[in-house]
Amino acid sequence: MKKYLITGCAGFIGSNFVHYMLKKYPEILLVNLDKLTYAGNLENLKDVEGDPRHVFVQGDICDKELVESLFAKYDFDYVINFAAESHVDRSIKNPEIFVQSNVMGTVNLLQRAKEAWYDADAKTWKEGKKYLQVSTDEVYGALGAEGFFMETTPLCPHSPYSSSKASADMFVMAFHDTYGMPINITRCSNNYGPYQFPEKLIPLMINNVKHHKQLPVYGDGMQIRDWLYVEDHCKAIDMVCNGGKVGEVYNVGGHNERPNIFIVKTIIEQLHDRLKDDGISEDLIKHVADRLGHDRRYGIDPTKIKNDLGWYPETPFEKGIVLTIDWYLDHEEWMEHITSGNYQKYYEEMYKNK
Ligand code: NAD
Ligand code: TYD
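First residue of the sequence shown: 1, per full-length UniProt numbering; consecutive thereafter.
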């Protein structure tokens, strides 16, 4: 039975990964270390409560003693690091916490894994171990109208968030180059789907449309993101962890580039038709001040993961967006729990001067 240390899996992608893995593998142990920041939510894991294959530990990936004790207790085969501060707008307001969690946290995990898996005298690594860093296409910076991000594209991050992720990637690669640590890095494009915190574009717009609130579109709304249904990302991480060649980076994306304004108009149209509500229209759109340093376009070339591992995205955008809207409509209580309380304060602060 494989034993995984998975971090940050009370958040959006991580909780989807827990569901994906428990469905796929009857025998597995997932030890989920999560600090439960504002983005971590145990409600995301409600339906796996009581499943002995998933053990939740509340704690910080920066905590040396805690991570050491987990390695001693479980003798992990794999570490998959999802834990991170993940919102660009928050990183523009408060970059320090991004350095702490995303960079220092990653280095702590690498060090603890090295201590557990490396025999310094024999200069050998225990068989079958691997550290996988869940990274992002944002480390490559922004594209013009042409071309795609390849694994060989130089890192050129612009936001404090993407800079912290790029820095973490470099430490992961440094552990491979310096000590021969068995690692992989995945760099995925924008995800969407169930359990995403409504500070990100798609759930934020679904929630605002539903409540007839203004839809804050940054700048001209013509920035392009390459959207991937979250389950396809989970599948890629599993494939890279279990089959990826040690030391390699894999880009993950489904050639699904859309301008933000297209996404917003799609959500308006879908909800208008579904809820039969004429109060839902494009009049809700409000173009607001652009994000500082806003990357214009992201686009992934996924040829390597397709050719080497046989990964392909199973959910086309037209299907994925319907599944996503359905999920948020069916989980009103989940959304209400998040958007009451602190979220209101966040929203007012972030959007008041836009
Ligand atoms: P998220 O913000 O929804 O969840 C992050 C989780 O990490 C939360 O549960 C939070 O409590 C936890 N966390 C934060 N700091 C921690 C710390 N110091 N110690 C332990 N836990 C901590 O993020 P997400 O969207 O699920 O993203 C997960 C990972 O995937 C991140 O590393 C992100 O950079 C990467 N990624 C995200 C996307 C996307 O579109 N969301 C795309 C590509 C890559
Ligand atoms: P986001 O979901 O924050 O992801 P990322 O910044 O990691 O790509 O934003 C996606 C795009 O949507 C990005 O170009 C910024 C834009 N955006 C808006 O126009 N309005 C909003 O209120 C938000 C949150 C994002």
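The beta-carbon is built from N, C-alpha and C at its ideal position, and this holds for glycine as well. Since this is a predicted model, take the numbers as computed values, not measurements.
Output the distance between the C-alpha atoms of residue 148 and residue 141, rounded to the nearest integer angstrom.
11 Å
Any chance the CB of residue 324 is under 7 Å from a heavy atom of the ligand NAD?
Checking every heavy atom of the ligand NAD against the Cβ of residue 324, none is found closer than 7 Å.
Mark residue 105 as exposed unless 16 or more other C-beta atoms lie within 10 angstroms of its C-beta, in which case mark it buried.
It is buried - the Cβ of residue 105 has at least 16 other Cβ atoms within 10 Å.
I need the boundaries of the beta strand (DSSP E) containing residue 4, first residue and last residue.
2-7
Please report how far the alpha carbon of residue 184 lies from the alpha carbon of residue 111, in whole angstroms.
Looking at the two C-alpha atoms, the distance is approximately 16 Å.
Kindly identify the DSSP beta-bridge partner or partners of residue 54.
30
Checking the sheet assignment: what are the DSSP bridge partners for residue 136?
188
Within the same chain, show all residues whose beta-carbon is closer than 7 Å to that of residue 53, passing over the 5 residues directly before and after it, in chain order.
So the qualifying residues of the chain are 22, 28, 29 and 30.
Distance, Cα to Cα, residue 272 vs residue 297?
28 Å
Buried or exposed for residue 324, going by 16 or more other Cβ atoms inside 10 Å?
Flag for residue 324 reads buried.
With distances taken Cα to Cα, identify the nearest neighbour of residue 55 among 107, 6 and 66.
6
With a Cβ-Cβ cutoff of 8 Å, do residue 300 and residue 253 count as a contact?
With contacts defined by Cβ atoms closer than 8 Å, residue 300 and residue 253 form a contacting pair.
Going by CA-CA distance only, name the one from 25, 73 and 289 that's closest to residue 51.
25
Just how far apart, CA to CA, sit residue 305 and residue 251?
7 Å
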